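What follows is one structure encoded as structure tokens, with my remarks underneath.
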Amino acid sequence: MQRRKYAILAVCCMGLLLVSIDNTIVNVALPSIATQLGASVQTLQWTVDAYLLVLASLLILSGSLADRFGRKRVFMTGLAIFVFGSAMCGLTISETWLVAFRVVQAIGGSMMTPVALAIVTNVFTGPGERAKAIGYWAAASGLGIALGPLLGGFLVDAFGWRSIFWVNVPVGLAAIILTARLVPESRARAPRRFDPIGQGLVFLVIVCLTFGIIEVPALGWGSPVIFTVFELAAAAIVILVPYELHRRQPLVEIRLFTNRAFSAAWSTTLVGFVAFAGLLFANTFYLQDSRGLSASAAGLLSLPLAASVIIAATVSGRLVARGKTRATLVSSGIALTAAPVMLAFFGPTTPLGWIVIPFIIFGAGYGLLNDPVNNTAVSELPNDQAGVAASLVATSRQLGSVLGVAIIGTLLSTGRPAALTTVPSGFGVAVSAVLAACGLAVVLINLLPARRSALVHQTPPTASIAALRP
Numbered sequence: 064m065q066r067r068k069y070a071i072l073a074v075c076c077m078g079l080l081l082v083s084i085d086n087t088i089v090n091v092a093l094p095s096i097a098t099q100l101g102a103s104v105q106t107l108q109w110t111v112d113a114y115l116l117v118l119a120s121l122l123i124l125s126g127s128l129a130d131r132f133g134r135k136r137v138f139m140t141g142l143a144i145f146v147f148g149s150a151m152c153g154l155t156i157s158e159t160w161l162v163a164f165r166v167v168q169a170i171g172g173s174m175m176t177p178v179a180l181a182i183v184t185n186v187f188t189g190p191g192e193r194a195k196a197i198g199y200w201a202a203a204s205g206l207g208i209a210l211g212p213l214l215g216g217f218l219v220d221a222f223g224w225r226s227i228f229w230v231n232v233p234v235g236l237a238a239i240i241l242t243a244r245l246v247p248e249s250r251a252r253a254p255r256r257f258d259p260i261g262q263g264l265v266f267l268v269i270v271c272l273t274f275g276i277i278e279v280p281a282l283g284w285g286s287p288v289i290f291t292v293f294e295l296a297a298a299a300i301v302i303l304v305p306y307e308l309h310r311r312q313p314l315v316e317i318r319l320f321t322n323r324a325f326s327a328a329w330s331t332t333l334v335g336f337v338a339f340a341g342l343l344f345a346n347t348f349y350l351q352d353s354r355g356l357s358a359s360a361a362g363l364l365s366l367p368l369a370a371s372v373i374i375a376a377t378v379s380g381r382l383v384a385r386g387k388t389r390a391t392l393v394s395s396g397i398a399l400t401a402a403p404v405m406l407a408f409f410g411p412t413t414p415l416g417w418i419v420i421p422f423i424i425f426g427a428g429y430g431l432l433n434d435p436v437n438n439t440a441v442s443e444l445p446n447d448q449a450g451v452a453a454s455l456v457a458t459s460r461q462l463g464s465v466l467g468v469a470i471i472g473t474l475l476s477t478g479r480p481a482a483l484t485t486v487p488s489g490f491g492v493a494v495s496a497v498l499a500a501c502g503l504a505v506v507l508i509n510l511l512p513a514r515r516s517a518l519v520h521q522t523p524p525t526a527s528i529a530a531l532r533p
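Structural data, given as structure tokens:
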């Protein structure tokens with residue numbers, strides 16, 4: 064029985080690995096995609112951001128679908144969609160279709176990440192064994208971060224950029240077969256009601272903001288299109304807030320933001336992931352275009368960053384257990400600030416050994432971030448609000464990643480040709496300043512005095528919503 068449980072955990076971790084690796088594996092392939100498909104910087108941004116923004120928008124909806132129709136069924140459907148999207152990405156002949164099939168990938172991915180963890184929490188019922196299982200789950204996410212650039216670099220150099228998508232197909236098919244044989248079906252006893260209006264408004268906000276930021280270099284700030292999309296985003300927010308406040312089971316629990324600890328955790332996560340995703344995006348062009356490194360060499364140089372993420376995450380958990388949550392977050396912010404400041408002085412002739420130092424510092428800052436924000440988000444909340452709080456923090460991770468790629472990509476492409484024919488000699492002052500500002504924001508947010516706020520009671524979260532804790 065115990066062996067079967069861990070076999071189920073392994074299958075669920077396969078799904079997480081597919082999704083998390085695809086968050087980073089594409090970055091090292093971007094220069095090759097630009098060369099072969101003639102893609103602009105804006106298109107390359109959409110290649111990354113289309114995947115991330117769909118994940119950010121559909122996480123909670125996918126959890127609700129799984130609660131209602133069955134977690135095994137939704138997980139297998141997500142795997143099938145992800146495999147199909149991956150295969151089509153590998154076969155595409157234009158940058159437009161590549162972005163479209165990245166959206167298909169993300170739809171499948173959104174049905175895998177939260178649902179798989181809900182399956183794990185349903186299978187591992189004891190507190191001790193569940194904590195251990197979720198620990199393995201978190202380790203799989205860190206492994207995905209480490210494997211993405213390294214695996215992507217090797218595949219691009221050996222087989223071309225299309226292979227980074229094809230590699231998902233056999234792994235995904237194996238996961239489908241194993242899920243069908245091993246994973247039991249489960250549903251929530253009282254699934255949350257669908258909120259299609261709230262879901263549509265959230266999607267509209269994220270898409271409009273992302274589109275506006277990415278397309279500014281091409282269309283200009285004075286463009287009616289840019290003005291309109293930002294207006295739509297603002298209007299959607301204005302409608303979303305009162306609408307969600309009046310729903311009995313809202314998609315977005317607005318009242319949670321009246322809690323100081325939760326707001327700090329949500330904001331910290333958002334700006335932290337803006338910095339992380341933005342650095343990974345800029346780093347690709349710096350190492351491969353400015354420095355002339357191969358994709359595999361660039362992937363190898365990302366290993367110290369990934370290793371420091373994993374090590375710092377382990378240390379972070381111990382510090383949080385000792386009650387040093389705020390100190391850990393402030394330390395994270397300092398590291399996230401210091402590394403981009405160092406990178407601002409690096410150019411095409413900087414020794415590679417020196418470049419590794421800020422990568423390690425930045426990875427440590429990112430690794431220190433996750434455990435304390437999870438703890439802070441739920442520390443002052445009743446148990447029946449912890450799951451929804453965790454789901455909102457999980458969504459802020461994806462939203463931060465979307466905005467990071469959009470903002471940094473816009474800075475890189477401003478004043479450059481539509482095609483990626485010229486690249487900055489280094490990270491540049493503007494890019495480094497934005498990344499450092501995000502790190503500084505993490506410090507300032509967590510130095511503010513704590514203040515408790517009363518929260519209105521809400522309906523207990525379903526299993527798939529609670530399972531969104533990373």
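Here the sequence shown is numbered in the numbering used here, starting from 64 and rising by one per residue. Idealized CB from N, CA, C, for every residue including glycine. Here the structure is a predicted model, which means the values were calculated and not measured.
Here DSSP, grouped into helix, strand and coil, assigns Met175 to coil. Under the criterion of beta carbons closer than 8 Å, Ser330 and Val404 do not qualify as touching, at roughly 22 Å.
A residue is called buried once 16 or more other Cβ atoms fall within 10 Å of its Cβ, and Val301, having fewer, is exposed. A residue is called buried once 16 or more other Cβ atoms fall within 10 Å of its Cβ, and Glu294, having fewer, is exposed. Under the criterion of beta carbons closer than 8 Å, Ala169 and Leu118 qualify as touching, at roughly 5 Å. In this structure, Gly235 sits near Phe145, with a CB-CB distance shorter than 8 Å.
Residues of the same chain with a CB within less than 7 Å of the CB of Leu333, apart from the 5 flanking positions on each side, are Ser459, Leu462, Gly463 in chain order. About 7 Å separates the beta carbon of Ile227 from that of Val219, a gap short enough to meet the 8 Å contact definition. CA-CA distance, Gly472 to Ser371, rounds to 25 Å.
Our two residues, Ala150 and Ile260, have alpha carbons roughly 32 Å apart in a direct line.
The Cβ atoms of Ala299 and Leu342 do not sit closer than 8 Å to each other. The distance from the Cβ of Gly133 to that of Ala238 is about 17 Å, inconsistent with a contact at the 8 Å cut-off. For the 8 Å CB-CB criterion, Ala338 and Gly502 form a contact.
The Cβ-Cβ distance between Gly362 and Phe274 does not fall below 8 Å.
Nearest to Ala92 by C-alpha distance, out of Ala73, Cys152, Cys75, Val137, is Cys152. Per DSSP, reduced to three states, the secondary structure at Arg389 is helical. Here Val137 has Leu128, Ala129, Met174, Val178 as same chain residues with Cβ atoms under 6 Å from its own Cβ, once five neighbours each way along the sequence are excluded. Scanning Leu510, Thr413, Leu475, Ser326 for the CA closest to the CA of Ala281 turns up Leu475. The beta-carbon separation of Ile277 and Ala469, rounded to 5 Å, stays under the 8 Å limit for a contact. By the neighbour-count definition (other C-beta atoms within 10 Å, threshold 16), Pro435 is a buried residue. Gln65 counts as exposed, since fewer than 16 other C-beta atoms from the protein chains shown sit within 10 angstroms of its C-beta.
DSSP places Arg381 in the uninterrupted alpha helix (DSSP H) bounded by 366–384. The three-state reading of DSSP puts Phe257 in coil, since its state is none of H, G, I, E or B. At least 8 Å separates the beta-carbon of Ile374 from that of Ala398.
Leu245 places its beta carbon less than 8 Å from that of Ile71.
The continuous alpha helix (DSSP H) containing Pro287 extends over residues 287–308. When only Cα atoms are considered, Phe325 and Val279 end up about 32 Å apart. From the listed residues Val292, Tyr69, Gly335, the smallest Cα separation to Ala427 is found for Gly335. Ranked by Cα distance from Thr184, the first of Glu248, Thr106, Val230, Gly172 is Glu248. Distances from the CA of Ala340 to each of Gly211, Pro94, Val74, Gly467 were compared; the closest alpha carbon is that of Gly467.
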